[in-house]
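In my numbering, the protein residues as written are 52 to 228. Ideal Cβ placement from N, Cα and C applies to all residues, glycine included.
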Amino acid sequence: MPKAVINTEFTIRKITVEDVKEIYKLLIDNRPYVGLNSRYTYFLLAKDFSDTCIVALDGDKIIAFSSGYLPPNRPDTFFNWEIVVQKDYRGKGLQKTLLLKQIKMTGAKYFEGTINPSNKVSKKNFFEIARLLKTECKTHILFTEEDFENDGHEKEILCRIGPITKDALQNCFRDTQ
52 MPKAVINTEF TIRKITVEDV KEIYKLLIDN RPYVGLNSRY TYFLLAKDFS DTCIVALDGD
112 KIIAFSSGYL PPNRPDTFFN WEIVVQKDYR GKGLQKTLLL KQIKMTGAKY FEGTINPSNK
172 VSKKNFFEIA RLLKTECKTH ILFTEEDFEN DGHEKEILCR IGPITKDALQ NCFRDTQ
């Protein structure tokens, strides 16, 4: 039986309002890989979406952040809005770990997220998550460059993974409980 794919080296927990300052710095430090919204957005995520947004910590330092939600018109789907891992901690499976934890936390049957064509790491991770969950990853263009009024924003490609079975998800967490 293969070993669990979840990185247990770091603490992972739901976000709090007190985390926003450090999350915002993490996002600034890791541009251009992530978009940067207003601090107000992150306060709202911490206040109203803390059940679906998480951080990873090394000691008491936030090293990764992932936000998402269950769309009201698709309550069986977890949509990942944004994920960032501090440069020094990349390559340790944290992106996959955070996303799999969020899927498990929400009980979602489907996982969705958007990626830009230049974000090859996230694309690779999304397809790897589909493989680990023994399901498929379907893609299509959600928003074009023109939708962003040609402001330099790349198109956003929607990745939809699923259906996700409880057994396949649980196998990712084997040996971590």
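With at least 16 other beta carbons inside 10 angstroms of its own, V71 counts as buried. Across the set P168, D102, I74, T103, the C-alpha of P168 shows the shortest separation from the C-alpha of I208. With a contact defined as Cβ atoms closer than 8 Å, T148 and L108 miss out at about 13 Å. Counting only unbroken stretches of 4 or more residues, the alpha helix (DSSP H) elements lying wholly within the stretch 154-207 are 171-183, in sequence order. For the pair S117 and I105, the CB atoms are nearer than the 8 Å cut-off. Comparing alpha carbon positions, the residue from L183, G158, L87 closest to D127 is G158. Take I154, set aside five residues on each side of it, and the residues of its chain with a beta-carbon closer than 7 Å to its own are F129, F162, I215, L220, in chain order. Straight-line spacing of the CA atoms in N81 and D218 works out to 35 Å.
In the three-state scheme derived from DSSP, where H, G and I count as helix and E and B as strand, D109 is classed as strand. Within the DSSP bridge table, the entry for E133 names S118 as partners.
Around the beta carbon of G110, a 10 Å sphere encloses fewer than 16 other beta carbons of the protein chains shown; the residue is thus reported as exposed.
Closest in alpha carbon position to Y75, among A97, R64, E60, is A97. In the structure shown, R141 falls within a coil segment according to DSSP collapsed to helix, strand and coil.
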